[in-house]
Amino acid sequence: SDFNMLESEAYPELYQESAARKTADKAINILQGRCVGGSTTVNWTSSFRTPPEVFDFWQRHYGLHELSAESMSSWFAVMEHKLWVRPWDTPPNPNNALLAAGAEKLGIAVGHIKRNVKGCWNLGYCGMGCPTNAKQSMLLTTIPAALNRGATLYTRLRGERLRFDGSQVAALDCSALQADGIHLSGRRLHFRARHFVLAAGAIGSPALLMRSSVPDPYRLLGKRTFLHPVVISSALMDDRVDAYAGAPQSIYSDHFLRQAPIDGPLGFKLETPPLHPVLYSTTLQGYGEAHARLMRDFTKVNVVLALLRDGFNPASRGGRVRLGAGRLPVLDYPLDAVIWEAARRALLAMAEIQFAAGARSVTPVHETTPGYSTWAAARKGIAELPLEPFLCRVVSAHVMGGCGMADAPQRGVVDHRGRHFWLDNLSVLDGSVFPTSLGVNPQLSIYGLVARNASLLAAELSGRPFPAIP
């Protein structure tokens, strides 16, 4: 395997901008894959179906009546079978077990996360590429299957622009990159095809369409980009947690997604991350001796994440992808009042759970907090914390939207099949087509929807019947 579980190599080689991609104002750090297989190669394997209430919202607000939990169930089942999405029967590592223990003491329901793994060694280094080929990523499954059927894989290419004539895309212009996958080599390539499929992710896909000056009469391209903005709570425990070891995510709670209507105040989902020294140290607040003190307790730290469900409340409009220097994409994502209100509730909820689990102290990842030794102190302190960019740490690993689906071009960039409204031979088949966020880790939602839409496209182009899904 080329994956050697070293942060010093994995982040610069496998992630966009060395795992330091940020929003335009630098207030949100974004983890995105930059390798064959994309983020599926480096994600933490958590697999959830799109919740029924999300489909219901899309039907009401975007006319996507063809998509529902019922109509998509078979497609999710197909991909769950193909990618070995199964319940994880191994006991959770201490980091996840603490989330479960604290939540259950407070009467907060938790669930067990299904994972797309086969023969997992339970190492905990999923984010650096699976060294045992247990993770059933696109690198291991769909891409090799395509190669076996005659496809050609090009790497270290940057898609620069689509050339189109009227409603037909004629060619894709690409620039070759050097071995580092970053700097231009000076060579250019041009591809022609009967039909073009764009799957560059929710930042890359809108950017390529913008560089191509594709028709966008309603100014929708790149807008309504969502992140599941994440706030973080760190707790010091008496015993070792060793959160770098074992399946990174096996326990979750969606209790706080159910406390208000989906279009009300933002709900949030609770999970845990893996903790590795570089990832942890660069996310922590502070510097100097204060930062060093936090790092000395590394093995006894429990961390809980809250993923905010953006895009449903009318005030939660997400961000906007635009072209910056060198016509490369940047993402504007304003952290406004509706985000901060939910962030405060999330920090309070996580702190209470961590104290219930036996935490000696709890510290929100925030530049001004000294940490709290009791729940009473945390409740008072977090209620008074100033929440604003660069003080409260916000991160994301789930980028969605920017080429949203809808029933008409006045409301979306593509239709329910991922077909572009203005270019007849262009499909967008990735997470950029979601008109909102999901409230769950998005990989299985992408797999299921893309399997459906790719099958529809294949049937149309080949003239063969649409496949029957049992």
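Under the numbering used here, the first residue of the sequence shown carries the number 1494, and numbering increases by one thereafter.
Positions of the beta carbon are idealized from the N, C-alpha and C atoms, including for glycine.
- By the Cβ-count criterion, Ala1593 is buried, with 16 or more other Cβ atoms from all chains shown falling within 10 Å of its own Cβ.
- Residue ranges of uninterrupted alpha helix (DSSP H) with 4 or more members, entirely inside the stretch 1865-1918 and ordered along the chain, are 1868-1877.
- Counting only runs of 3 or more residues that sit fully inside the stretch 1606-1633, the beta strand (DSSP E) segments are 1607-1609, in chain order.
- Measuring C-alpha to C-alpha distances from Phe1883 to each of Glu1510, Leu1507, Arg1872, Lys1515 identifies Lys1515 as the nearest.
- DSSP places Ser1930 outside both helix and strand once states are collapsed to three, so it counts as coil.
- For Asp1666, the pairing in a beta bridge is given by DSSP as Arg1654, His1683.
- The beta carbon of Gly1817 sits closer than 6 Å to the beta carbons of Val1823 from its chain, once the five residues preceding and following it are set aside; these are given in chain order.
- Just measuring C-alpha positions, the residue of Ala1590, Lys1873, Ile1636, Cys1528 sitting nearest Ala1738 is Ala1590.
- The beta-carbon distance between Ser1925 and Arg1802, rounded to whole angstroms, is 18 Å. This is too long to meet the 8 Å contact definition.
- In the DSSP assignment, Ser1727 is bridged to Val1796, Thr1856.
- By the criterion of a C-beta distance shorter than 8 Å, Met1498 is surrounded in its chain by Leu1616, Tyr1618, Met1621, Pro1624, once the five residues flanking it on both sides are discounted.
- Selection Arg1912, Pro1928, Ala1944, Arg1957 evaluated against Gln1661 yields Arg1912 as nearest (Cα-Cα).
- Residue environment analysis places Glu1845 among the buried positions, since at least 16 neighbouring C-beta atoms fall within 10 angstroms of its C-beta.
- Note on Tyr1647: under 16 other CB atoms within 10 angstroms of its CB, so exposed under the neighbour-count rule.
- If you compare the alpha carbons of Arg1820, Ile1832, Ser1866, Gly1694 with that of Leu1880, the shortest gap goes to Ile1832.
- In the structure shown, the three-state DSSP call for Ile1755 is coil.
- Listed in chain order, the alpha helix (DSSP H) runs fully inside the stretch 1499-1575 are 1500-1507, 1545-1555, 1562-1575, counting runs of at least 4 residues.
- Annotated as distal: Ile1939 and Val1814, with beta-carbon spacing of 8 Å or more.
- Inter-residue distance for Phe1927 and Ala1947 is about 16 Å (C-alpha atoms, whole angstroms).
- In the DSSP assignment, Gly1604 is bridged to Tyr1745.
- Secondary structure of Ser1678 (DSSP, three-state): strand.
- Between Met1730 and Ala1876, the alpha-carbon positions lie close to 23 Å from each other.
- Taking a contact to require three or more Cβ pairs closer than 8 Å, the stretch 1572-1581 and the stretch 1592-1611 qualify as touching.
- For Pro1637, the uninterrupted alpha helix (DSSP H) segment begins and ends at 1635-1641.
- DSSP, reduced to helix, strand and coil, places Pro1822 within a strand of the structure shown.
- In the DSSP assignment, Val1831 falls within the unbroken alpha helix (DSSP H) covering 1830-1849.
- Looking at the backbone, the Cα of Leu1557 and that of Arg1579 are separated by about 29 Å.
- Counting the other CB atoms within 10 Å of its CB gives Gly1526 a total of 16 or more, which places it among the buried residues.
- Under the 10 Å beta carbon count, Gly1874 is surrounded by 16 or more other beta carbons and is classified as buried.
- For Asp1917, same chain residues with a beta-carbon under 7 Å away, outside a window of 5 residues either side, are Ser1660, Gln1661 in chain order.
- Annotated three-state conformation of Gln1936 is helix, per DSSP.
- C-alpha of Ala1672 to C-alpha of Glu1653: approximately 18 Å in a straight line.
- The C-alpha of Leu1937 is placed about 25 Å away from the C-alpha of Gln1752.
- Judged by their CB atoms, Glu1764 and Leu1713 are not nearer to each other than the 8 Å cut-off.
- Rounded to whole angstroms, Ser1706 and Ile1523 show a C-alpha spacing of 26 Å.
- Residue environment: Gln1742 is assigned as buried (16 or more neighbouring CB atoms within 10 Å of its CB, all protein chains considered).
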